[in-house]
Amino acid sequence: MLTLKDKTIFVSGAGAGMGRAVSLLAAQAGATVIATDINKDKLNELSKKNIITFTLDVANKDHVTDFFDNNSAFDGIVNMAGWVHHGQIVDTNEEDWRKSFQINVDSMYYVIRAALPKILLNGKGASIVNMASLASSLKGFKFRAAYSASKGAVIGLTKSIAIDYVERGIRCNAICPGTIETPSLSDRIKALSEKLGSEEKARDWFTKRQPMRRLGQPNEIAQLIIYLLSDDGAYATGQCHVIDGGTMI
Numbered sequence: 054m055l056t057l058k059d060k061t062i063f064v065s066g067a068g069a070g071m072g073r074a075v076s077l078l079a080a081q082a083g084a085t086v087i088a089t090d091i092n093k094d095k096l097n098e099l100s101k102k103n104i105i106t107f108t109l110d111v112a113n114k115d116h117v118t119d120f121f122d123n124n125s126a127f128d129g130i131v132n133m134a135g136w137v138h139h140g141q142i143v144d145t146n147e148e149d150w151r152k153s154f155q156i157n158v159d160s161m162y163y164v165i166r167a168a169l170p171k172i173l174l175n176g177k178g179a180s181i182v183n184m185a186s187l188a189s190s191l192k193g194f195k196f197r198a199a200y201s202a203s204k205g206a207v208i209g210l211t212k213s214i215a216i217d218y219v220e221r222g223i224r225c226n227a228i229c230p231g232t233i234e235t236p237s238l239s240d241r242i243k244a245l246s247e248k249l250g251s252e253e254k255a256r257d258w259f260t261k262r263q264p265m266r267r268l269g270q271p272n273e274i275a276q277l278i279i280y281l282l283s284d285d286g287a288y289a290t291g292q293c294h295v296i297d298g299g300t301m302i
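According to our numbering, the sequence shown is numbered sequentially starting from 54.
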């Protein structure tokens with residue numbers, strides 16, 4: 054069984070979906086988990102053994118800097134906070150575009166830049182896991198212009214950090230999942246149902262584009278992340294780990 058015993062793991066976007074699944078699974082694996090989210094109410098449901106919750110807006114540079122200034126070095130950083138904009142380029146105004154990058158990319162820049170100095174000073178190394186997507190530089194998806202551009206940037210950031218710090222014991226990987234059953238997906242289903250006429254048709258649209266003809270589950274993604282955080286994943290860095298139900302076949 055994979056273990057994270059004696060490791061302290063930071064997780065953003067921990068209040069729901071894959072971030073919540075990672076937090077719970079990491080705690081079960083023996084880690085002390087610092088679970089953060091912008092939504093305080095969602096964090097209340099995460100009051101479990103080995104999980105300490107903090108309300109944190111990772112898209113706010115000053116908040117992130119203060120948080121890491123007041124915490125010790127982490128053994129793992131899991132950047133899960135994200136936002137999905139639905140629309141083609143002509144449907145995407147500047148506010149949507151900037152919000153996509155602010156939440157999906159800038160937040161990772163703030164977190165990693167603030168966390169790394171203490172990690173490097175500590176000298177024990179660390180594993181950083183960034184949530185990317187198939188909708189990125191890997192594959193084109195309809196109605197994902199801003200989202201795909203931001204997630205392509207995440208992949209570039211991940212590879213840059215991996216090569217810059219590999220000799221100092223820092224590993225950095227990206228997760229590129231297929232369509233996962235999360236609250237975010239529920240919002241996208243509702244948005245698509247307005248065009249297709251019903252939520253049933255919208256859900257069917259998402260499911261049928263998966264070769265396995267089913268949606269992924271948060272725990273399936275979380276288990277891969279736990280592997281990358283653990284010592285068992287010590288030889289993996291700088292990669293986009295695709296876990297997609299066969300979409301990229």
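Quick reminder that beta carbons are idealized off the backbone N, C-alpha and C, glycines included.
Look at His138 here: in three-state DSSP terms it is coil, with no helix or strand label.
About 5 angstroms separates the beta carbons of Phe63 and Ile130, which is inside the 8 angstroms limit, making them a contact pair.
In this structure, Lys212 is the residue among Gly250, Arg221, Lys212 and Asp240 with its C-alpha nearest to the C-alpha of Asn183.
For the alpha helix (DSSP H) assignment, the uninterrupted runs of no fewer than 4 residues enclosed by the segment 189-230 are, from N- to C-terminal side, 198-218.
Between the alpha carbons of Asp144 and Asp285 lies a gap of roughly 44 angstroms.
Taken through DSSP and simplified to helix, strand or coil, Met133 comes out as coil. A Cβ-Cβ separation of about 18 angstroms leaves Met54 out of contact with Ile274 under the 8 angstroms criterion. The Cβ-Cβ distance between Ile172 and Ile214 does not fall below 8 angstroms. The residues Gly66, Ile156, Asn157 and Met184, in chain order, have a CB closer than 7 angstroms to that of Gly135 in the same chain once the five nearest residues on each side in sequence are set aside. In the three-state reduction of the DSSP assignment, Ser180 falls in the strand class.
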